[in-house]
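**Student:** Below you will find the structure I want to go over with you.
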Amino acid sequence: MSTIPAPSAVDALHGPPLPVLGADVRVPLITGDEVSYGALDYAASAPVLSSVWDDVSAYMPYYGSVHRGAGHLSQLSTDLFERSRRTVGEFLGCRGDDEVVFTRSTTDSLNLLAAALPAGTQVYVFETEHHAALLPWPPERLTVMRAPGSAYEAVEIVAETLACHDPQRPGLVCVTGASNVTGEIWPVGSITEVAHTAGVRVALDAAQLVPHRRVDVAGLGVDYVAFSGHKMYAPFGAGVLAGRADWLRTAAPYLAGGGASRRVVHGDGALSVEWQQGAARHEAGSPNVVGVHALASACRALTAAGFDALAAREEALLERTLAGLAGIEQVRVLSLLGGSAPRVGVISFVVDGWNSAHLAAALSAEYGIGVRDGMFCAHPLVRGLLGNAPDHSDECGAPEPLAPGARQVNAVRASFGAGTPVEHLDRLVAAVAALARDGSRWTYRTEAGRCVPVR
Ligand code: PMP
1 MSTIPAPSAV DALHGPPLPV LGADVRVPLI TGDEVSYGAL DYAASAPVLS
51 SVWDDVSAYM PYYGSVHRGA GHLSQLSTDL FERSRRTVGE FLGCRGDDEV
101 VFTRSTTDSL NLLAAALPAG TQVYVFETEH HAALLPWPPE RLTVMRAPGS
151 AYEAVEIVAE TLACHDPQRP GLVCVTGASN VTGEIWPVGS ITEVAHTAGV
201 RVALDAAQLV PHRRVDVAGL GVDYVAFSGH KMYAPFGAGV LAGRADWLRT
251 AAPYLAGGGA SRRVVHGDGA LSVEWQQGAA RHEAGSPNVV GVHALASACR
301 ALTAAGFDAL AAREEALLER TLAGLAGIEQ VRVLSLLGGS APRVGVISFV
351 VDGWNSAHLA AALSAEYGIG VRDGMFCAHP LVRGLLGNAP DHSDECGAPE
401 PLAPGARQVN AVRASFGAGT PVEHLDRLVA AVAALARDGS RWTYRTEAGR
451 CVPVR
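1 is the number of the first residue of the sequence shown in the working numbering; add one for each residue after it.
Below, the structure is given as structure tokens:
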């Protein structure tokens with residue numbers, strides 16, 4: 001007898017998913033049928049919340065230039081832009097003197113922070129970070145910490161590493177809030193305490209945390225936080241870097257141009273520029289008011305839904321899906337911090353005898369499920385989780401079946417959130433079980449590095 005409750009039990013206990021656009025989109029299967037799209041790639045980009053879309057649509061007739069126009073709509077748009085900044089600051093629980101800078105994405109935010117580091121700053125990152133948090137830092141001032149095997153060990157490694165930090169130099173630990181590969185939540189509060197004891201600041205890569213859990217900058221004590229709108233149900237290309245004003249205020253503008261400059265004078269054959277002091281210093285050019293409005297709208301929607309309720313529903317979905325996958329002998333779910341580590345709605349796994357590119361292609365073509373396969377822009381982490389040598393070549397696209405027990409080179413990731421119906425995850429588990437048991441019903445080949453069904 002199955003111990004997994006009926007799908008309706010999740011909704012009865014935790015309410016239905018939040019309304020998102022695309023929930024009723026149907027996609028063709030290679031077999032000729034059509035099914036509703038099983039959107040399980042939230043960790044890459046989540047669907048847009050209906051309320052965000054409504055807010056954006058309501059604003060569009062009033063769209064105007066920000067910061068420079070004298071007209072009514074320009075003033076309205078400027079006001080909206082600056083109110084959005086306050087909304088985001090409140091959403092994040094920022095300190096009163098923190099800056100909230102609008103960027104394009106988490107990657108952009110962390111590159112901005114890297115460009116704003118005071119001279120001589122030593123940066124500390126785990127090798128397990130997403131490339132956006134691993135790569136922006138000057139290599140000669142970067143210490144890469146080894147992968148921990150538990151949350152406790154993560155804190156210990158930071159403590160050991162920072163014991164050698166020169167207190168005369170500025171320092172920064174950049175750490176993820178939740179892994180985009182395993183979904184595991186990192187012990188950010190404890191890491192921050194240890195870092196601050198060593199006089200080192202902390203930047204939180206909250207790209208995967210912000211859509212799922214309340215991030216409280218002041219409560220956690222982190223100095224900076226970076227995230228993207230498109231992972232929190234607000235596409236349109238806006239991101240955020242929020243945190244301590246001092247480094248940002250003294251750094252060279254991230255982008256030089258209009259908006260970042262207060263006064264420009266040409267005299268004696270040279271330009272002299274007085275730059276802005278606040279967030280505008282790093283926001284040169286016409287800002288993305290639509291993206292920022294959408295992002296602030298998502299902050300309001302998630303707050304109104306309540307993170308406790310969202311997390312409880314997501315945990316019910318996680319438990320159900322992990323229990324389903326645990327019942328399939330060939331499946332191994334990837335975990336870095338150990339089985340008891342809390343997770344957000346991200347599950348990466350491999351299936352013995354299956355190349356993950358092939359599995360993901362079959363999930364899409366035969367079951368209408370959209371997952372992701374590969375190494376998820378976290379190559380050192382995924383190689384480590386798959387037990388591979390650091391220098392092995394990546395062979396992600398190969399559709400050939402693997403021999404049982406053969407080395408895996410990539411993984412499948414299913415990720416979900418506030419808009420996910422139970423059925424999508426149940427369909428995933430049933431599909432993986434059927435594929436593992438019976439194989440795919442179609443033939444696949446590699447085309448331009450992707451595994452695709454032969455038509
Ligand atoms: N950090 C993490 C943990 C992520 O998952 C991602 C996106 N996959 C990023 C950073 C980069 O986000 P973006 O692509 O929006 O810059």
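Built from N, CA and C at the ideal position, the CB exists for glycine as well. On a predicted model such as this, the values are computed, not experimentally measured, just so you know.
Could you spell out the range, first to last residue, of the alpha helix (DSSP H) harbouring Phe102?
**Tutor:** No alpha helix (DSSP H) contains Phe102, which is instead part of the beta strand (DSSP E) from 99–103.
**Student:** Using 8 Å for Cβ pairs, my map puts Thr161 next to Tyr124. What's the rounded Cβ distance?
**Tutor:** Contact holds; Cβ gap of about 6 Å.
**Student:** May I ask you to list the residues that DSSP assigns as paired with Leu49?
**Tutor:** Answer is Val20, bridged to Leu49.
**Student:** For the alpha helix (DSSP H) containing His72, list its first residue and its last residue.
**Tutor:** His72 -> alpha helix (DSSP H) spans 72–91.
**Student:** Determine the direct distance from the alpha carbon of Gly269 to that of Val181, and round the result to whole angstroms.
**Tutor:** Val181 and Gly269: Cα-Cα distance of roughly 53 Å.
**Student:** Does the ligand PMP have even one heavy atom less than 7 Å from the beta-carbon of His379?
**Tutor:** Outside the cutoff, so no.
**Student:** Have a look at Ala433, Ser348, Gln330, Ala434 and flag the residue whose alpha-carbon is nearest the alpha-carbon of Asn410.
**Tutor:** Per the Cα distances, Ser348.
**Student:** Roughly how many whole angstroms lie between the Cα atoms of Glu127 and Gly338?
**Tutor:** Answer to the nearest angstrom: the Cα atoms are 17 Å apart.
**Student:** What's the C-alpha gap between Thr420 and Leu325?
**Tutor:** If you take the alpha carbons of Thr420 and Leu325, they lie about 18 Å apart.
**Student:** Closer than 6 Å by C-beta to Ser297: which residues in its own chain qualify, once you throw out the five before and the five after it? Chain order, please.
**Tutor:** Result list for Ser297: Val52, Asp55, in chain order.
**Student:** Can you name, in chain order, every residue of its own chain whose Cβ lies under 8 Å from the Cβ of Thr443, other than the five neighbours on each side?
**Tutor:** Once the five neighbours on either side are set aside, the close Cβ partners of Thr443 are Pro453, Val454.
**Student:** Taking the alpha-carbon positions, what's the Ala341 to Ser36 distance?
**Tutor:** Roughly 32 Å between the two C-alpha positions.
**Student:** Shortest alpha-carbon distance to Pro138 belongs to which of Asp24, Arg450, Val273, Leu172?
**Tutor:** Cα-wise, what sits closest to Pro138 is Leu172.
**Student:** Relative to the ligand PMP, is the shortest distance from any of its heavy atoms to the C-beta of Ala132 smaller than 7 Å?
**Tutor:** The answer is yes for Ala132.
**Student:** Cα-Cα, which of Asp41, Ala119, Ser84, Ser179 is closest to Pro380?
**Tutor:** Answer by Cα proximity: Ser179.
**Student:** Using DSSP with H/G/I as helix, E/B as strand and the rest coil, what is Arg26?
**Tutor:** Reduced to three states, the DSSP call for Arg26 is strand.
**Student:** Could you check if Gln277 is buried or exposed, using at least 16 other CB atoms within 10 Å of its CB as the buried criterion?
**Tutor:** Looking at its Cβ environment, which holds fewer than 16 other Cβ atoms inside 10 Å, Gln277 is exposed.
**Student:** Rounding to the nearest angstrom, what Cα-Cα distance links Met1 and Asp24 in this structure?
**Tutor:** Low confidence applies to Met1: its pLDDT is 45, below 50, so where it sits in the model is not reliable, and the reading given next is rough at best. Distance between the alpha carbons of Met1 and Asp24 is about 32 Å.
**Student:** What is the residue span of the alpha helix (DSSP H) that Ala159 lies within?
**Tutor:** First-last of the alpha helix (DSSP H) with Ala159: 151–162.
**Student:** Where Asp373 and Val210 are concerned, what is the direct C-alpha to C-alpha distance, given to the nearest angstrom?
**Tutor:** Roughly 23 Å separates the two Cα atoms.
**Student:** Tell me the rounded alpha-carbon separation between Ser356 and Leu318.
**Tutor:** In a straight line, the C-alpha of Ser356 is about 21 Å away from that of Leu318.
**Student:** Nearest by alpha-carbon distance to His67: which of Asp79, Asp33, Ser190, Ala58 is it?
**Tutor:** Nearest option by C-alpha distance: Asp79.
**Student:** Quick check on His130: buried or exposed, where buried means 16 or more other Cβ atoms within 10 Å of its Cβ?
**Tutor:** Its Cβ being crowded by 16 or more others within 10 Å, His130 is buried.
**Student:** For Lys275, which of helix, strand or coil comes out of DSSP?
**Tutor:** Just to set this straight, residue 275 is Trp in the shown sequence, not Lys. Three-state DSSP puts Trp275 in a strand.
**Student:** Would you say the beta carbon of Gln208 is closer than 7 Å to some non-hydrogen atom of the ligand PMP?
**Tutor:** True, at least one ligand heavy atom lies under 7 Å from that Cβ.
**Student:** Indicate the three-state DSSP secondary structure (helix, strand or coil) for Met60 in the structure shown.
**Tutor:** Note: Met60 maps to helix in three-state DSSP.
**Student:** Output the distance between the C-alpha atoms of Ala114 and Tyr224, rounded to the nearest integer angstrom.
**Tutor:** When rounded, the distance between both Cα atoms is 12 Å.
**Student:** Leaving aside the five residues before and after Glu423 along the sequence, list all residues of the same chain whose C-beta is less than 7 Å from its C-beta, in chain order.
**Tutor:** So the list reads Pro7, once near-sequence residues are dropped.
**Student:** If we count the other Cβ atoms within 10 Å of its Cβ and call it buried at 16 or more, is Cys451 buried or exposed?
**Tutor:** So Cys451 ends up on the buried side.
**Student:** If you draw a straight line from the alpha carbon of Pro19 to that of Met232, how long is it in whole angstroms?
**Tutor:** If I take the Cα positions, the gap works out to 13 Å.
**Student:** So, Val371 versus Leu40, is the Cβ gap smaller than 8 Å?
**Tutor:** Their beta carbons are under 8 Å apart, which means Val371 touches Leu40 by this criterion.
**Student:** Where does Tyr224 sit, in a helix, a strand or coil, going by DSSP?
**Tutor:** DSSP places Tyr224 in strand when its eight states are reduced to three.
**Student:** Can you check DSSP and say which residues form a bridge with Arg437?
**Tutor:** Per DSSP, none; premise fails for Arg437.
**Student:** I'd like the ranges of any alpha helix (DSSP H) spanning at least 4 consecutive residues and lying wholly in the segment 345–379.
**Tutor:** Counting whole runs of 4 or more residues, the segment 345–379 contains the alpha helix (DSSP H) stretches 356–367.
**Student:** Shortest alpha-carbon distance to Ala46 belongs to which of Ser440, Ser415, Ala430?
**Tutor:** Closest by alpha carbon: Ser415.
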